[in-house]
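Note that our numbering numbers the sequence shown so that position 4 is 485, with each residue one more than the last. For each residue, glycine too, the CB sits at the ideal point set by N, CA and C. From a predicted model like this one, the values you see are computed outputs, not experimental measurements. What follows is one structure encoded as structure tokens, with my remarks underneath.
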Amino acid sequence: MTQALFDLGPTMLGPGAVLLPGFALDDAPALLAEVEAITAQAPLRQMLTPGGQTMSVAMSNCGALGWVSDRRGYRYDPLDPDSGRPWPAMPPLLLRLAQAAAREAGFADFQPDACLVNRYRPGDRLSLHQDRNERDFGRPIVSVSLGLPAVFLWGGLRRADRPRRLPLAHGDVVVWGGPSRLVYHGVLPLAEGSHPLTGAERINLTLRRAG
Ligand code: SIN
Ligand code: FE2
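Given below as structure tokens:
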């Protein structure tokens, strides 16, 4: 429906969790240019899960630390394992945006040191999981959606909690921290489509304080 067009204010998802519709809309073209520069240096790649499955979502990182997965497990690494070089620096624009979104959600002084870049193509999905490889769960997660829309699964603190289905559009930002920091979340298979800025792709930027 057209509800999103008329409901542009922040939506509380739970304690410490808020959806900020369109929060990144003005910065989106510049953010996508930054993603181009990041992925030129640290190309998107489909990582292996510890169980040996290839993830459908292709990933890269920027910032002092990058999230990686392989046969040995999930972890943060200061080096891109594909190149042996540090991840590209966090663009100042992205840092400022994440800090402003975190502040909006009640988290002052958010200092992210890691940004996971996720690229979804039609059919790509991310199964229900918690973000729990970070050192301190006292810091929030800030998630920026660009390009094709997706359905975000927003569950509870137990894997078995039935998730809500939240449409996420280009420019939307979700922040979760505090009591919601370990909420299970995921993304349904991306629907076919074309976006004027990204074509048949969705880009998600997830900022964390990892170290
Ligand atoms: C993630 O959980 O890392 C990504 C979430 C999303 O793509 O919206
Ligand atoms: Fe996540």
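Item: Close beta carbons around Glu585, own chain, < 8 Å, minus the five adjacent residues each side; Value: Pro491, Val499, Leu501, Phe504, Val656
Item: Identity of the residue in Asp653, His651, Pro660 nearest Arg639 by Cα; Value: Pro660
Item: For His666 and Arg646, the rounded distance between their alpha carbons; Value: 10 Å
Item: Three-way DSSP call (helix, strand, coil) for Leu489 in this model; Value: coil
Item: Euclidean distance between Cα positions of Ala582 and Val623; Value: 7 Å
Item: Three-state secondary structure (DSSP) of Gly495; Value: strand
Item: Span of the alpha helix (DSSP H), counted from its first residue to its last, around Ala539; Value: Unbroken run through Ala539 is the beta strand (DSSP E), 539–543; no alpha helix (DSSP H).
Item: Stretch pair the segment 559–569 + the segment 599–612: three plus CB contacts closer than 8 Å; Value: no
Item: Cβ-based burial, Gly604 [other Cβ within 10 Å; buried from 16]; Value: exposed
Item: CA-to-CA distance, Ala595 to Glu517, given in whole angstroms; Value: 17 Å
Item: Ala672 burial status per 10 Å Cβ neighbour count (16 or more: buried); Value: exposed
Item: Integer Cβ distance of Arg616 from Ala691, believed to fall under 8 Å; Value: 7 Å
Item: The ligand FE2 heavy atom lying under 7 Å from the CB of His676; Value: no
Item: Contact test: Gln612 Cβ vs the ligand FE2 heavy atom, cutoff 7 Å; Value: Residue 612 is actually Asp in this sequence, not Gln. The answer is yes for Asp612.
Item: C-beta contact flag for Leu649 and Ser626 at 8 Å; Value: yes
Item: Val668 Cβ short of 7 Å to the ligand SIN heavy atom set; Value: yes
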